[in-house]
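Only one structure is covered here, and it is reproduced in the block below.
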Ligand SMILES: [Zn+2]
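Residue numbers (the numbering used here): 4 to 275.
Structure representation (structure tokens):
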């Protein structure tokens, strides 16, 4: 059965759309709005020749402009096989926590309803969560949505896949490989440098390495990668709270037993 509308979206049909989308679609293309406020007026103006299926505000509300059974005009040649979502904000600005959560929910819905693949892709003929920029000239030659937001796709996928925590025999969260690790707070630092993972003697670096792995920021060129320098500073704090948000934990920025358990579960989810 064709699924036209995202259930939680406010449907506001626009004129900029056309027939001929090929289903099942290959996945979701995330765009950055480079601005704020609903683009309904722009997308309902024939002169702009632009639209998207969805728009997600910083406050976490979806508007839908084009039914999924039609082409939105978001990425030229890529309009035929991909669903598009415009996201409020600017290229150098990270998603708000609620935007990340909502994108995870949207992608989880797409996995169920459209059979979208649980992966990130940079191939215009691939499947998964893609970007506008991956289509190159044929898709309009844009850098959208920029490196920061493109780098968040694994986080969105992790949110889509949901909590995969593990429990011990007593039904409590199992900290698994991190049994015996201390509670870490911002300002903590390791006694030395670590050359291994995990390293009980250098728990901050272990935390940083774990966050890099589960949020898919291991690449040394990734601007979101943490050290690992063994210093629990602002960036480690911000990344830890992002992980806690996505894993459904209290976002207190403290690496306590529940967070260590969540990291162990997330590592297992990725087969690490
Ligand atoms: Zn775009």
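Note that CB positions come from ideal geometry on N, CA and C, so glycine has one too. Owing to the predicted nature of the structure, the values given are computational and were not obtained by experimental measurement.
DSSP places residue 104 in no beta strand (DSSP E) but in the uninterrupted alpha helix (DSSP H) bounded by 100 to 117.
The C-beta of residue 128 has fewer than 16 other C-beta atoms within 10 Å across all chains shown, which makes the residue exposed. The segment 55 to 69 makes no contact with the segment 110 to 121; the number of CB pairs closer than 8 Å stays below 3.
Burial state of residue 221 is exposed, judged by a 10 Å Cβ sphere holding fewer than 16 other Cβ atoms. Residue 65 and residue 13 have their alpha carbons spaced roughly 6 Å apart. Going by beta carbons, residue 73 and residue 41 fall outside the 8 Å limit. In the same chain as residue 178, and ignoring 5 residues on each side of it, the C-beta atoms closer than 8 Å to its own belong to 184, 260, 263, 264, 267, in chain order.
Pairwise C-beta distances place the segment 130 to 142 out of contact with the segment 88 to 105, as fewer than three of them are shorter than 8 Å. Residue 219 counts as buried, since at least 16 other C-beta atoms from the protein chains shown sit within 10 angstroms of its C-beta. Excluding five sequence positions before and after residue 79, the CB atoms of its chain that fall closer than 6 Å to its own CB belong to 142, 143, given in chain order. Here residue 225 is not near residue 207, since their CB atoms are 8 Å or more apart. The beta carbon of residue 190 lies closer than 7 Å to those of 235 in the same chain, with the five residues before and after it left out.
Not one heavy atom of ligand 1 lies closer than 7 Å to the C-beta of residue 223. Contact annotation, residue 101 with residue 62: C-beta distance approximately 7 Å; criterion of less than 8 Å satisfied. A residue is called buried once 16 or more other Cβ atoms fall within 10 Å of its Cβ, and residue 25, having fewer, is exposed. C-alpha of residue 125 to C-alpha of residue 163: approximately 18 Å in a straight line. For residue 30, the enclosing beta strand (DSSP E) starts and ends at 30 to 35. Approximately 6 Å separates the beta-carbon atoms of residue 180 and residue 201; this is inside 8 Å, confirming the contact. If you compare the alpha carbons of 233, 232, 214 with that of residue 241, the shortest gap goes to 214. Your pair residue 186 and residue 257 checks out as a contact, with CB atoms roughly 6 Å apart and the cut at 8 Å.
If the five residues before and after residue 188 are omitted, its C-beta is found closer than 6 Å to the C-beta atoms of 257, all from its own chain and listed in chain order.
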